[in-house]
Amino acid sequence: MNRTRNTKVMAACLAAVLAILPACSKTEKGADATTVPSAAPTVSASIAPVKAEPLGKYSETVEYTTGVAFNNERIQKLPAGATLDDNAATKFAEEKLNVKTKILWQVPGEGTALRDKLNVLIASNDIPDIMQVSDLNVLKQLIKNDMIEDLTSVFNDYALPSIKDYHSSVNNKSLELVSSNGKMYAIPNVYSMADGLNMVWIRADWLEKVNMKGPETIDDLAAIAKAFVEKDPGGNGAGKTIGLLMSTDPLSTGNLHSLGPVVYNYFGVPSGMWMAGADGKVTNTIVADSTKQGLAKIADWYKQGLIDKEFALRSDDKNNELVKDGKAGIMFHAWWGPFWPLSDPLKLNPQNTKADWKPFVIKNVNGKVQQTVGAPSWNFVVVKKGFKHPELAMKLVNLAQEVKERKYPEMSKLMDTEQKDGGYKDSMLPWPLTTDITSVPADEIIRSFKMYKDVYDGVTTRDSLSIDKQQQYDKVKKYMDSIKDDPTKRDLETWADYRGWGPQDSGASALANANIELVFSAFNGTTETIGSKKQILDDKARDAFMKIIIGKESIDYFDSFVKEWNDLGGKQMTDEVNQAAAK
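Count along the sequence shown from 1, add 8, and you get the number used in this note's numbering.
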């Protein structure tokens, strides 16, 4: 039931006071090949500490080695003449920081290639000066083997204020993820999480036809589904309107057609994750009482005919077709649903000028809206033990962050230009300006909406927005202008922008008004039993849940499932997780 995102990271850095070194040569190799210097260099009392500059340029060229995870397909899309060692990104870093990048190896950026490569390097004690890690277990092995620098001071002294703010948006859980014994051993990224909240999108014109308002509870939702099935507001004919669409995977915690995250979460415990109880013990919510309650509710809805009787046979694409054809008026999706596929039925039948979708967020029994989060980070930058400039890793992350946030027009132009014209739009900028190492706040969509809302309300002006946000605002305004005098004249090409970002009844406004509480998993790594038996246990759960939902077994069968789950390895897995979490 866990939402799988490659989430793992953390950051911090050693204070580096030797940013300016004697000018004995033009190029200084970052790490001594034969001796490993102290992790905390000693500074003479007569020398004033050098002020940490997040993007400070070195007076002497610093050379560092690295390895990259970059698909061959992306290499082929680099502009003519560009290589992984010599391209706009490496040249920009050299210009701004006075550093030279030497790439020792390249592996594909998908699958387990990077993890496998790093495991070999760890075994041979031969890692580059600075590198990315995308597997939390690999990071833990590097820490255990004492192969990487403590970056606590580096992060504190060199991280941009914006990056620190983004980590604060996840209550610094990202930093905890890469810490051991009070020390940070990596610079993690942070991704947008609140935008993953599942909400309920409902045909507003159908609600009007059955004289009902939007749901506040799951029982309200069931009543609406029943009215849609029985009263046929879509004009499909008796028995041809579907109440609730559902993913074929009863464990799905994704967005599209995933009914589970809404229903299981409703009973107070977010679905599909490792959670710590009041006694500190970590358990998997797949066997929680709240999951049983949610499962009973779903089974009851299926029995009543509110859930599509053929859901187990329909792919997401087939469900989307039902939405497009007007056969279903309720859909579980994320805030961005209007962009795909909710705009399809409107464009298919433009003559139906009242057709519309609106989002609704359902609070749980405790009055909360909770978003399940596995790990707040999935990429970590580490520094080889003994590298003389550990702060360089943070500077590179800072530079990539500023480029991503379009602080440098010359780089923004390259990012927007096609390959044939010498740009990086197709390949994206490679290391060290890859977006993999950059961060966004967990509430990125909410923050963006508030910027738009200030413009809508006249608090600020359009000019206060960034260029890309101005373009998005213009689309929303175009739709609003189109319905100002005559709603039937609406611009369907910008309807999705309006329902996505508009001032009210939009996906983004629903997120902003939901007061979302992020609930983080109590454990994000793996164990021996997770590696060998999790798939077996998940398949067992899918089979049991499906039998209960379609009525082949009663809800009492859930208790038998829990026992079998534990006997098959669930108990052993839980014991291992508790042992690992306690370290």
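Just so it is clear, CB atoms sit at the ideal spot from N, CA and C, and this is done for glycine as well.
Every value quoted in this text rests on a predicted model; they were computed, and no experiment measured them.
Legend entry - Inter-residue spacing [alpha-carbon to alpha-carbon] between residue 410 and residue 256: Taking the straight line from one Cα to the other gives about 42 Å.
Inset, instruction - Please look up how many angstroms separate the CB atoms of residue 237 and residue 251, rounded, as I've assumed it's under 8 Å. - result: Yes, they are in contact, since the Cβ atoms of residue 237 and residue 251 sit about 5 Å apart, within 8 Å.
Legend entry - Through-space distance from residue 297 to residue 551, alpha-carbon basis: One C-alpha to the other measures close to 18 Å.
Inset, instruction - Could you please give me the residues that DSSP links to residue 419 through a beta bridge? - result: In DSSP, residue 419 forms no bridge with anything.
Legend entry - CB of residue 69 within 8 Å of CB of residue 106, strictly: In contact: residue 69 and residue 106 (Cβ atoms closer than 8 Å).
Legend entry - For residue 519, the nearest candidate out of 187, 456, 60 (CA to CA): Out of 187, 456, 60, 456 has the C-alpha closest to the C-alpha of residue 519.
Legend entry - N- and C-terminal bounds of the beta strand (DSSP E) containing residue 211: From DSSP, the beta strand (DSSP E) with residue 211 extends over 207 to 211.
Inset, instruction - Would you mind working out which of 153, 394, 432 sits nearest residue 127, comparing C-alpha positions? - result: When each option's Cα is compared against that of residue 127, the closest is 153.
Inset, instruction - Could you give the DSSP three-state label for residue 265: helix, strand or coil? - result: It is coil, neither helix nor strand.
Legend entry - Residues bridged to residue 379 (per DSSP): Beta-bridge pairing links residue 379 to 526.
Inset, instruction - Note down the Cα distance separating residue 51 from residue 166, rounded to an integer number of angstroms. - result: Low per-residue confidence applies at residue 51: pLDDT is 29, beneath 50, and the placement is therefore not dependable enough to give any value.
Legend entry - Three-state secondary structure assigned by DSSP to residue 174: In the three-state reduction of the DSSP assignment, residue 174 falls in the helix class, which pools H, G and I.
Inset, instruction - Could you say if the region 398 to 412 and the region 426 to 442 meet the contact criterion of at least three C-beta pairs nearer than 8 Å? - result: Touching, yes.
Inset, instruction - Apply the 10 Å Cβ neighbour rule to residue 178 and answer buried if 16 or more other Cβ atoms are within range, or exposed otherwise. - result: Buried: at least 16 other Cβ atoms inside 10 Å.
Inset, instruction - Pair every Cβ in the region 363 to 380 with every Cβ in the region 506 to 525, then say whether three or more of these pairs are closer than 8 Å. - result: Cβ pair count under 8 Å is three or more, so yes.
Legend entry - Helix, strand or coil at residue 368 [DSSP, three-state]: If DSSP states are grouped into helix, strand and coil, residue 368 belongs with the strands.
Inset, instruction - Could you tell me how far apart the beta carbons of residue 366 and residue 349 are, in whole angstroms, since I believe they sit closer than 8 Å? - result: Residue 366 to residue 349, Cβ: 16 Å. No contact.
Inset, instruction - State the DSSP-derived secondary structure class of residue 389, mapped to helix, strand or coil. - result: DSSP, read as helix, strand or coil, puts residue 389 in strand.
Inset, instruction - To the nearest angstrom, report how far apart residue 383 and residue 230 are at their CA atoms. - result: Taking the straight line from one Cα to the other gives about 33 Å.
Inset, instruction - Using three-state DSSP, classify residue 80 as helix, strand or coil. - result: Residue 80 carries a helical assignment under DSSP once its states are collapsed to helix, strand and coil.
Inset, instruction - Could you give the DSSP three-state label for residue 109: helix, strand or coil? - result: Reduced to three states, the DSSP call for residue 109 is strand.
Inset, instruction - Compute the Euclidean distance between the alpha carbons of residue 480 and residue 536, then round it to the nearest angstrom. - result: The alpha-carbon atoms of residue 480 and residue 536 are separated by roughly 47 Å.
Legend entry - Where the beta strand (DSSP E) containing residue 598 begins and where it ends: Examination of residue 598 is not possible in this model, given that the chain is present from 9 through 591 alone.
Legend entry - Residue nearest to residue 532 in terms of C-alpha spacing, selected from 492, 579, 590: The option with the nearest alpha carbon to residue 532 is 590.
Legend entry - residue 196 (DSSP reduced to helix, strand or coil): The three-state secondary structure of residue 196, taken from DSSP, is strand.
Legend entry - Close beta carbons around residue 109, own chain, < 6 Å, minus the five adjacent residues each side: Hits under 6 Å: 98.
Inset, instruction - Determine the DSSP secondary structure at residue 348, reduced to helix, strand or coil. - result: Note: residue 348 maps to coil in three-state DSSP.
Inset, instruction - Output the distance between the C-alpha atoms of residue 357 and residue 496, rounded to the nearest integer angstrom. - result: Straight-line Cα distance between these residues: approximately 13 Å.
Inset, instruction - Report yes or no: do three or more beta-carbon pairs, one from the region 206 to 225 and one from the region 392 to 401, lie closer than 8 Å? - result: Judged by Cβ distances under 8 Å, the region 206 to 225 makes no contact with the region 392 to 401, as fewer than three pairs qualify.
Inset, instruction - Within 10 angstroms of the Cβ of residue 346, are there 16 or more other Cβ atoms? Answer buried if so, exposed if not. - result: Buried.
Inset, instruction - Tell me whether residue 65 is buried or exposed, calling it buried when 16 or more other Cβ atoms sit within 10 Å of its Cβ. - result: By the Cβ-count criterion, residue 65 is exposed, with fewer than 16 other Cβ atoms from all chains shown falling within 10 Å of its own Cβ.
Inset, instruction - Rounded to whole angstroms, what's the CA-CA distance from residue 92 to residue 183? Just pull it up for me. - result: Note on geometry: alpha-carbon atoms of residue 92 and residue 183 lie some 30 Å from one another.
Inset, instruction - Put residue 446 into one of helix, strand or coil per three-state DSSP. - result: Of the three classes helix, strand and coil, the one that applies to residue 446 here is coil, per DSSP.
Inset, instruction - Mind checking who residue 341 pairs with in its DSSP beta bridge? - result: Per DSSP, the beta-bridge partners of residue 341 are 207.
Inset, instruction - Identify whether residue 191 lies in helix, strand or coil by the three-state DSSP scheme. - result: The DSSP-derived three-state label of residue 191 is strand.
Inset, instruction - Round the Cβ separation of residue 192 and residue 160 to the nearest angstrom and send it over; I've been treating them as touching at under 8 Å. - result: Taking C-beta atoms under 8 Å as the contact rule, residue 192 and residue 160 qualify, at a distance of about 5 Å.
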